[in-house]
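Notes for the one structure printed next.
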Amino acid sequence: FADRPLHIVGLEQNPSMQKDAAGLWKKVAQPNHRFEARTASLYSGNIEKELKREKYDLIFVANFLNELPEEERFKLCENLLKQTSLLVLIEPALQKTTRDLMRLRDAILNKKLAAVLAPCLHQQVCPMLANNYRDWCHFYLSWKLPRFVDKVGQLIGTNKEWLAMSYLVFSKSEGSLKGRYAQPDATWRVISNLMPTN
Numbered sequence: 032f033a034d035r036p037l038h039i040v041g042l043e044q045n046p047s048m049q050k051d052a053a054g055l056w057k058k059v060a061q062p063n064h065r066f067e068a069r070t071a072s073l074y075s076g077n078i079e080k081e082l083k084r085e086k087y088d089l090i091f092v093a094n095f096l097n098e099l100p101e102e103e104r105f106k107l108c109e110n111l112l113k114q115t116s117l118l119v120l121i122e123p124a125l126q127k128t129t130r131d132l133m134r135l136r137d138a139i140l141n142k143k144l145a146a147v148l149a150p151c152l153h154q155q156v157c158p159m160l161a162n163n164y165r166d167w168c169h170f171y172l173s174w175k176l177p178r179f180v181d182k183v184g185q186l187i188g189t190n191k192e193w194l195a196m197s198y199l200v201f202s203k204s205e206g207s208l209k210g211r212y213a214q215p216d217a218t219w220r221v222i223s224n225l226m227p228t229n
């Protein structure tokens, strides 16, 4: 993206977190990129008010949906999908938050608001959610552990060598919708994270 100007809008209700994000952005951004921090309360509907004037290529919603009452999550995603063709939802890899995310996935697909691109490779109801009340799918990424996170982990006895999460990627582009809904019986199962081999 070095030769393409980016305009990134970050919504956060904590001014300190906004300041941290802006500081991190300055360390990595190219001169022609722009980061704009906006304040939005979780519970006042400010998110839609802050975004409704603009269209976005991509919207990330990270570690946020679990802060909302369940009945508000679908409405928020429905509104966000009116403003972008690509929506990425990331939540903690906990049983309840992930199963809630799986339910949200099924609701969005049921209304045909978008097609799911990942991690699911089909557009049917979530088989894990439909078949039992305890399992959930989650994923992990390796990362370079920051020194302070490692120190805290040693003190409290936790291991943060891996970043765990549950996530969904939705697309409402015409190609994704036609291509994915055209093969309702085509299903695949992914049983682990990507494991590169030589």
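In terms of our numbering, the sequence shown opens at residue 32 and continues consecutively.
The beta-carbon is built from N, C-alpha and C at its ideal position, and this holds for glycine as well.
- Item | Any 3 or more C-beta pairs closer than 8 Å across the region 167-176 and the region 121-133 | Enough Cβ pairs lie closer than 8 Å, so yes.
- Task: Under 8 Å by Cβ, that's how I've got Glu85 and Arg69 pegged, so tell me the actual separation to the nearest angstrom.
- Result: Residue numbering aside, residue 85 sits at position 54 when the sequence shown is read from its first letter. Residue numbering aside, residue 69 sits at position 38 when the sequence shown is read from its first letter. Rounded to the nearest angstrom, the Cβ distance from Glu85 to Arg69 is 11 Å, too far for a contact under 8 Å.
- the region 102-111 / the region 169-189 touching (three or more Cβ pairs under 8 Å): The region 102-111 is not in contact with the region 169-189.
- Task: Could you pull the start and end residues of the alpha helix (DSSP H) that Thr115 belongs to?
- Result: Position 84 of the sequence shown holds residue 115. Careful: Thr115 lies outside any alpha helix (DSSP H) and carries neither H nor E.
- Quick one: any contact between the region 182-202 and the region 155-164, if contact means 3 or more CB pairs under 8 Å? Three or more Cβ pairs closer than 8 Å define a contact, and the region 182-202 falls short of that threshold against the region 155-164.
- Message: Taking 9 Å as the threshold (C-beta atoms), are Asp181 and Leu160 in contact?
- Response: Residue numbering aside, residue 160 sits at position 129 when the sequence shown is read from its first letter. Residue numbering aside, residue 181 sits at position 150 when the sequence shown is read from its first letter. Not a contact, by the Cβ cut-off of 9 Å.
- Under the three-state DSSP convention, the category Trp56 falls into: Translated into the one-based positions of the sequence shown, residue 56 becomes position 25. Three-state result, Trp56: helix.
- Query: Going straight from the alpha carbon of Gln185 to that of Lys191, what length do you get?
  - Reply: Reading the sequence shown from its first residue, position 154 is the one you call residue 185. Reading the sequence shown from its first residue, position 160 is the one you call residue 191. One C-alpha to the other measures close to 10 Å.
- Comparing alpha-carbon positions, which option in Val183, Gln61, Pro150 and Ile187 lies nearest Ser197? Taking the sequence shown and counting its residues from 1, the one referred to as residue 197 is at position 166. Ranking Val183, Gln61, Pro150 and Ile187 by Cα distance to Ser197 puts Pro150 first.
- Message: For a test of the three-state rule: what should DSSP assign to Val200, helix, strand or coil?
- Response: In the sequence shown, the residue the question calls residue 200 occupies position 169. Val200 falls in the strand class under three-state DSSP.
- Query: For the putative contact between Leu111 and Leu118, defined by C-beta atoms under 8 Å, what is the C-beta separation to the nearest angstrom?
  - Reply: Counting from 1 along the sequence shown, the entry for residue 111 is found at position 80. Counting from 1 along the sequence shown, the entry for residue 118 is found at position 87. Contact between Leu111 and Leu118 is confirmed by a C-beta separation of about 6 Å, below the 8 Å threshold.
- Does the beta-carbon distance from Leu28 to Leu120 come in below 9 Å? Residue 28 lies beyond the range of the chain shown here (32 to 229); nothing can be said about it.
- Task: Would you kindly report the start and end of the unbroken beta strand (DSSP E) that includes Arg134?
- Result: Residue mapping note: residue 134 aligns to position 103 of the sequence shown, counting from 1. Per DSSP, Arg134 is not a residue of any beta strand (DSSP E); the alpha helix (DSSP H) it occupies stretches across Gln126 to Asn141.
- Three-way DSSP call (helix, strand, coil) for Gly188 in this model: Position 157 of the sequence shown holds residue 188. Here Gly188 sits in coil by DSSP.
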